[in-house]
Amino acid sequence: MNQHPFLNPGPYPDWSKLTSDRIRTDLTLALEQAELELEKLRKLDSDSIHFENTIKAIERSTLQLNEAWGLVVHLDSVCNSPELREAHNDMLPAISAFQAKISLDPELWNAVKTYAQKSESEELEAVDRRLLDEIVQDFEESGADLPEEKRNRLQVISSELAKATQTFSEHVLDATNEWSITASEEEELAGLPENAKTAARQAAIEKLGEEKGANSWIFTLHAPSMLPVLQYGDNEELRRKIWTASDRLCVDEPFQNEPLIRKILKLRQERAEILGKDDFADVALARRMAQNGSKANEFVDEILDKALPFSEKENLELETYKAEKTGGPVEWMQPWEVAYWSEKLKKERYDFDDEDLRPYFPIQSVLSGMFELVTRIFGLKIVERSTKSGDGDHRIEGDDQEVISVWHPEVRFYDLFDDKKNKLLGSFYADWHPRASKRGGAWMNYLRTAENEGETHLGLICGNLTAPNPNAPALLTHYEVQTVFHEFGHLLHHLCGEVKHPSLNGVNVAWDFVELPSQIMENWCWERKSLDLFARHYETGNVIPEELFEKMLRARNFFEGNATIRQMAFSKLDLFLHREWAKDMNGSLEEALQQELSAYLPKRKSTPRTIALRFSHLFSSPIGYAAAYYSYKWAEVLDADAFTRFQSEGVMNPDTGADFRREILSKGNSEAPDQLFRNFMGREPQPDALLLRSGLS
């Protein structure tokens, strides 16, 4: 019997054994063992210090702790329960404090400096030198040279940030799950696609029981439930109620997030000042491609200024269109009208509706076609494995007899091979549909990074996509398909990693570079040759008709000005909070944000709140995308440019794919990101490709 399942999960964890009652014991032991490893380092005398027992030992000292804690954090995201949450939150301060103290430990820092000054360090191979340089910068930027009092305060800040951001995340999850609205008359659903109505009926049956639910429809704030109502629902009152609930998420008690945001920003600013920086953006971006907050802000302003005329033109066109259809005046719209009327305008202008594509995207077809795509382009082979959940009653049969444990009956498991060598590179879990115990959004994460020959990577991808219903399989929107490809790009970055140091492998790169492998994958969702691999009608198996494909392409950049303004306003909000407002936090948070963004936000009859109180990217982890939300658009510049090479050499060209795998996917952080890009493209990035693709040139 495995006494410590979180510490000794084996190659594939038995999720039925990873229970909340084991967390405190196992993680406390992991902390003790990691401390013992660090103590060995502290006792080294200067003459005996070398790369393996110092630099490599620092990396290895926390591998078991990080993997064990990674399992806990993952379960907190996909199987949240009061017991698990309590155990997670009990251990969080100790874990955070321990992780923070490593790069503030004067004895460890002295050992690193001693090695860095030895002649041996000048003769290291490039990847070992990269690890040394990164670890030196970790210590320097963390404040290892500061007086003891300041170092101690930085440890406290790390622990406080971990607790505050965890509570923020819980508030978003709980507030989202708490709200729903029930419709009891079918006329309330006028305009909704059948798929949305069926899902709402299914939600009602699950919540109210077979008898009462059979005559009701329940809508929630989960995207697959909410978005179709806002886009297609003729019932304005239903749209208003759902939009208002979403807009006010985490405004009121018991899930109020503004006090938490103030606390998080205050702690981040204090950390920056202790480290001698002007603001947290300069701390977070020091080793990213943007380098500092000022440069990131210049980038954001440049994109905003280019997109603004397009956005203003689009909004006037939409207001005029609504006036023509209703006989009313041309005036600002209510925020819950925008998606509805823009969908009608798109339908009329392009004879195209997002729902027209949904039958061509059954999730299993999307996945199997995507797997075939990466076989052809990147030389990878993906094989599904048999799975079981819990006590084994729920089984999914794969291509083998060995059964892999999973945390929920819907979860699938796959192996990824190098196709030519038939070599197993890694494996991954996929968990695609919403449930109350699962946080919102879509994400990729890793559970294990291979280090030695014979070891393999282990990762996962999760989402909240349209679920199957009794009448049809899970039929995705084209946007959801892009989400699948995006997260799979992150996963490939991890599973294809060939760097011998785990901390430099896969997605452990600068955050304004990490989105390149994910966002470049989205391009294949728009190409005829690749679409024909995975876009197959769920009843006939037919590919998307050419006429529908052409309409889809023509409508691609519809409302792109608004989409760009929205994303860049998020980036502007992020940088404003971390570079300016955090320094005094005077007055209302929302008023300050509205004033800062007033030049860019579209004018509406009722002013929508900003996303701040539910902006998990910024506030659900101690660092995350804080002061770095611009990274998505920064990486779009890179991905649009990099994809031009595929377009010129063939979007399915295996030689180009092999280059991308070798120069980008396999290299992790073994070289500087700008150098990796130059290795693939043979030149510096050029922004024109993004503007051209977006129709903003």
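Okay, so the sequence shown: first residue is 52 according to my numbering, each after it adds one. Here a beta-carbon is modelled for each residue, glycine too, at the ideal position from N, C-alpha and C. Since this is a predicted model, take the numbers as computed values, not measurements.
1. Is the beta carbon of W483 closer than 8 Å to that of I414?
2. With a CB to CB cut of under 6 Å and the five nearest residues on each side skipped, what residues in its chain are close to S231?
3. Just checking D563 against the ligand HEM - is the residue's beta carbon closer than 7 Å to any of the ligand's heavy atoms?
4. Is the stretch 382-400 touching the stretch 514-526 in the sense that three or more CB pairs, one from each, lie closer than 8 Å?
5. Identify every residue that forms a DSSP beta bridge with I269.
6. Give the DSSP-derived three-state secondary structure of M636 in the structure shown.
7. Determine the direct distance from the alpha carbon of D466 to that of K474, and round the result to whole angstroms.
8. Which value, in whole angstroms, describes the spacing of the CA atoms of E288 and H588?
9. Write down every uninterrupted run of the beta strand (DSSP E) in the stretch 65-91 whose length is 3 residues or greater and which is fully enclosed by it, in chain order.
10. By a C-beta neighbour count over all protein chains shown, 10 Å radius and 16 as the cutoff for buried, is G612 buried or exposed?
11. What does DSSP give as the partner residue(s) for S456 in the beta ladder?
12. By Cβ distance below 6 Å, which residues in the same chain neighbour A151 in space, the five residues on each side in sequence not counted?
13. Measure the beta-carbon distance from W575 to F621 and round it to whole angstroms, keeping in mind my assumption that it falls under 8 Å.
14. Within a Cβ cutoff of 7 Å, which residues of the same chain sit near R338, ignoring the five residues on either side of it in sequence?
15. Hey, R93 and L159: beta-carbon distance below 8 Å or not?
16. In terms of residue numbering, what span does the alpha helix (DSSP H) encompassing I512 cover?
17. Please report whether the beta-carbon of A255 lies at a distance below 8 Å from any beta-carbon of chain D.
18. Can you tell me which residues form a DSSP beta bridge with F468?
19. Could you tell me the alpha carbon to alpha carbon distance between S581 and A255, rounded to whole angstroms?
20. Helix or strand or just coil, what does DSSP make of W383?
21. Do N343 and D352 have their C-beta atoms closer together than 8 Å?
22. What are the start and end residues of each continuous alpha helix (DSSP H) run of 4 or more residues lying completely inside the stretch 519-577, in chain order?
23. In three-state terms, what does DSSP make of R204?
24. So for L498, helix, strand or coil by DSSP?
25. According to the neighbour-count rule (16 or more other Cβ atoms, all chains shown, within 10 Å of its Cβ), is R319 buried or exposed?
26. From S97, P386, K376 and I715, pick the residue whose C-alpha is nearest to that of P653; which is it?
27. Under the three-state reduction of DSSP, which class applies to V688: helix, strand or coil?
28. When the Cα of G719 is compared with those of H529, A167 and A501, which residue comes out closest?
29. Please classify V381 as buried or exposed, where buried requires at least 16 neighbouring CB atoms within 10 angstroms.
30. Could you check where the alpha helix (DSSP H) with R290 kicks off and where it finishes?
31. Got a sec, what are the start and stop residues for the alpha helix (DSSP H) I109 sits in?
32. Between V163 and T105, is the Cβ-Cβ spacing less than 8 Å?
33. Is the number of C-beta pairs between the stretch 588-602 and the stretch 714-728 that are closer than 8 Å three or more?
34. With DSSP collapsed to three states, give me the class of D482.
35. On the three-state DSSP scale, how would you describe R463?
36. Measuring CA to CA, which of G733, F102 and P705 is closest to T761?
If we stick to the structure as given:
1. Against a cut-off of 8 Å, the Cβ pair of W483 and I414 comes out as a contact.
2. Around S231: I269 and T271.
3. No copy of the ligand HEM appears in this structure; indeed no ligand is present at all.
4. no
5. According to the DSSP secondary-structure assignment, I269 is paired through a beta bridge with T233.
6. Here M636 carries a coil assignment [DSSP, helix/strand/coil].
7. 10 Å
8. When rounded, the distance between both Cα atoms is 34 Å.
9. The qualifying runs do not exist here; there are none.
10. buried
11. Bridge partners of S456: K439.
12. Excluding positions up to five away in sequence, the list reads Q206 and S209.
13. Wrong, their Cβ atoms sit about 26 Å apart, outside the cutoff.
14. Q188 and A561
15. Closer than 8 Å, so yes.
16. That residue, I512, is in no alpha helix (DSSP H); its beta strand (DSSP E) goes H508 to C513.
17. The question asks about chain D, but that chain is absent: this structure has only one protein chain.
18. Per DSSP, K432 and L475.
19. 38 Å
20. coil
21. no
22. 529-546 and 566-573
23. helix
24. Here L498 sits in strand by DSSP.
25. So R319 counts as buried.
26. P386
27. V688 carries a helical assignment under DSSP once its states are collapsed to helix, strand and coil.
28. A501
29. Result: exposed.
30. E287 to D298
31. A108 to S112
32. yes
33. no
34. strand
35. strand
36. Examination of residue 761 is not possible in this model, given that the chain is present from 52 through 748 alone.
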